[in-house]
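Chemist: Using the UniProt record's numbering, the letters of the sequence shown map in sequence onto residues 1 to 630.
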Amino acid sequence: MGYRDTYARWQADPEAYWLEQAQAIDWDVAPTQALFERGNDMYEWYADTRVNGCYNAVDRHVEQGRADQVAIIHDSPITGTQSKITFAELQSRVANLAGALVAQGVTKGDRVLIYMPMVPEAVEAMLACARIGAIHSVVFGGFAANELAVRIDDCTPKAILAASCGLEPGRVVPYKPLLDAAIDMATHKIETCIILQRPQQTCSLVEGRDLDWHTAQDGVAPADCVSVEGNHPAYILYTSGTTGAPKGVVRHTAGHLVALNWTMKNVYNVDPGDVFWAASDVGWVVGHSYICYAPLIHGNTTVVFEGKPIGTPDAGTFWRVIEEHNVRSFFTAPTAIRAVKREDPKGEFRKKYDLSCLRALYLAGERADPDTIEWAQDVLGTPVYDHWWQTESGYAMVANPTGLETLPVKIGSPTVAMPGYDIRILDEAGHELPPGKLGAIAVKLPLPPGTLPTLWNAEDRFRKSYLTAFPGFYETGDAGMIDEDGYLYIMARTDDVINVAGHRLSTGAMEEVLAGHPDVAECAVVGVSDALKGQAPIGFLCLSKGVDRPHAEIVAECVKRMRDQIGPVAAFKLALVVDRLPKTRSGKILRATMVKIADSAPFKLPATIDDPAILDEIKLALQSIGYAKE
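See the structure below:
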């Protein structure tokens, strides 16, 4: 059955469709009903079931003949080490760690905060929590102490699982001092920390509170899987909110299992036993969904990669991992591919590796500009599929469903809505717009299984953030349009649609034009305050390695491209060449922060920023053209 028929079957009877998909999961008590309405536009899925997430990700594969299949490949070019863990070994390791948590008094419903680098133990920590019904909250390793303290106070964990350090190219990042400082700052007091001592830098343990990772497991009974309700939270994942306060996205256990399992074949087109690699971090939703849970639930081998797209040791590291581990589907962020492209614009490193095993490259995390997609297609010689989703959704809302049917690629579009998502383009009053018109992207309620049912201890904030702008719809916060064929185009965050003299323009469309310049490796466009036009666009250009032409020439060419392709209406006259763009650790460009710097407005340093020093560089560049006044 192809995509159109499948989507129509879901539309005709969502209840029957999602009950059918649930048959792929091993239930303790199987669902008799898929959707449960809780009133006031609140919904839950499979609430009448009982199930265990760890059993479905690990134990059932051991019992059903995959005991000797590799479950996790750890590849760390930073340490120069590799290891492989079978499903049988993973079952033993997870059961022992879960037993150590039980021995410290952690029970079903307790929260456990995880603060780990990209090592197999990070995945084991998540699964150990799922095994005993504890609710994990993973915080990106190396996160600042004050931000970590905020999360400790919000989710009030019974225990923390952490490592002594993380590794970046050329440096060791000590985690323990940050963790100790956060615990001191937090109002909520922590009873137990279990610390993985890494050989690159060990740490001192606080007597009476801290336990060594391995010592904590000595002599404890391995824990069995605890059956939980279908609507029992699997985890809390914090995403930055517009107020600066973190939003704790909740993921219910049953819907998350069903939806993620569905995506592995239908979106990523892998079969059980295939190697799947998501080059992300466990601290992000991609790491939760596609390093830990989805591949393992589906019976795939997952790659845990401790490295960077460039510099560990070079721009060919992605291609090496794919060849060495026989990766069938590869998922990363466009910013990672842009980094490789900037370092190796002619794709010389790719020529060293045999990538015949690779079926496709999948991009998500931020908007994939056509220039990056075309470069990746040319260099890899495989299909490149953009797809679109959010921390809140947990998996693809819009994708090319290659396991069902490979639809024609339209570069610039992540393709079409997946079953479960009824996506509309709305104007500011909530009226649906016709094809080709730019507006707010919204999803008709209810959202499908696996999406967020609420925010942790913040139902009012959940409603205000997502449900109030367009009654009956989930507000995505993104702007875009749908064409005559049903293909969605994501143009910008809603607050990145700028108003230039009454014309609503997408900064994403402008970035496409700039990215098409042969010397531009990466770019961003933001709208700054303008006394005459309301807002005016400024472009920031990062040039490809080896470009040594005068910057003024390149800027003039970019201004001309914008006039030719968008028109005089864009009023695009200013562009700056910069070495780097300020980003979060997941690769999202901090456009809103750049706008505040340009407008000399106060701003809160984003908690997830990769390198705060870049903001000073941006400020100096803006001051050179009369913005960012002291």
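For each residue, glycine too, the CB sits at the ideal point set by N, CA and C.
Predicted model only: the values in this text are computed from it and were never measured.
Does the region 567 to 585 touch the region 376 to 383, meaning 3 or more C-beta pairs lie closer than 8 Å?
Modeler: no
Chemist: Any idea which residues DSSP pairs Tyr-43 with across the strands?
Modeler: Glu-37
Chemist: At the level of alpha carbons, what is the spacing between Tyr-474 and Arg-461?
Modeler: 13 Å
Chemist: What's the gap between the Cα of Ala-279 and the Cα of Gly-287?
Modeler: 8 Å
Chemist: Along the chain, where does the alpha helix (DSSP H) containing Met-126 start, and where does it finish?
Modeler: 120 to 132
Chemist: Buried or exposed: which applies to Ser-83, given that a residue is buried once 16 or more other Cβ atoms fall within 10 Å of its Cβ?
Modeler: Around the beta carbon of Ser-83, fewer than 16 other beta carbons lie within 10 angstroms, which makes this residue exposed.
Chemist: Please return the same chain residues whose Cβ sits closer than 7 Å to the Cβ of Asp-610, not counting the five positions on each side in sequence.
Modeler: Lys-583, Thr-584, Arg-585
Chemist: My guess is that Leu-196 and Ser-164 are in contact by the Cβ rule of under 8 Å, so how many angstroms apart are they, rounded?
Modeler: 7 Å
Chemist: Using CA coordinates, which residue listed in Glu-323, Ala-364, Met-118 is at the minimum distance from Lys-351?
Modeler: Glu-323
Chemist: For Phe-473, which residues does DSSP report across the bridge?
Modeler: Lys-444
Chemist: So, Ala-145 versus Thr-192, is the Cβ gap smaller than 9 Å?
Modeler: No, the Cβ-Cβ distance between Ala-145 and Thr-192 is not below 9 Å.
Chemist: Considering Cα atoms alone, identify which of Pro-313, Thr-6, Asp-616, Gly-439 is closest to Thr-593.
Modeler: Of the residues Pro-313, Thr-6, Asp-616, Gly-439, the one whose Cα lies closest to the Cα of Thr-593 is Asp-616.
Chemist: State the DSSP-derived secondary structure class of Ala-627, mapped to helix, strand or coil.
Modeler: The question names Ala, but residue 627 is Tyr in the sequence shown. Correct three-state label for Tyr-627: coil.
Chemist: To the nearest angstrom, how far is it from the Cα of Thr-242 to the Cα of Asp-13?
Modeler: Confidence is the limiting factor: at Thr-242 the pLDDT is only 49, short of 50, which leaves the residue's position unreliable and the question unanswerable from this model.
Chemist: In whole angstroms, give me the CA-to-CA distance for Glu-20 and Pro-246.
Modeler: 36 Å
Chemist: Write down the C-beta distance between Tyr-489 and Ser-413 rounded to the nearest angstrom, noting that I regard them as a contact closer than 8 Å.
Modeler: 5 Å
Chemist: Looking only at its chain, what residues have a beta carbon closer than 6 Å to the beta carbon of Arg-60, apart from the 5 residues adjacent to it on each side?
Modeler: Asp-26
Chemist: Any contact of the region 72 to 86 with the region 42 to 58, i.e. 3+ C-beta pairs under 8 Å?
Modeler: In this structure the region 72 to 86 does not lie against the region 42 to 58, because fewer than three pairs of beta carbons, one per stretch, are closer than 8 Å.
Chemist: Taking 9 Å as the cut-off, decide whether the C-beta atoms of residue 631 and Glu-306 are in contact.
Modeler: Residue 631 cannot be examined here, being either before or after the span of the chain that is shown, 1 to 630.
Chemist: Which residues bound the alpha helix (DSSP H) around Trp-319?
Modeler: 317 to 325
Chemist: At a cut of 8 Å, does the region 109 to 129 reach the region 263 to 270 through at least three beta carbon pairs?
Modeler: No, they do not touch.
Chemist: In angstroms, rounded to a whole number, what distance separates the CA positions of residue 701 and Glu-147?
Modeler: Examination of residue 701 is not possible in this model, given that the chain is present from 1 through 630 alone.
Chemist: Count Cβ pairs between the region 491 to 510 and the region 349 to 364 that sit closer than 8 Å; are there 3 or more?
Modeler: With the rule of 3 Cβ pairs closer than 8 Å, the region 491 to 510 does not count as touching the region 349 to 364.
Chemist: Should the region 305 to 319 be called in touch with the region 96 to 106, which here means at least 3 C-beta pairs below 8 Å?
Modeler: no
Chemist: Quick check: what's the CA-CA separation for Leu-407 versus Leu-113?
Modeler: Roughly 41 Å between the two C-alpha positions.
Chemist: Applying the 10 Å Cβ sphere with the 16-neighbour rule, what's the burial state of His-431?
Modeler: exposed
Chemist: Counting along the chain, where does the beta strand (DSSP E) carrying Met-397 start and finish?
Modeler: Secondary structure note for Met-397: it is in no beta strand (DSSP E), with a DSSP letter that is neither H nor E.
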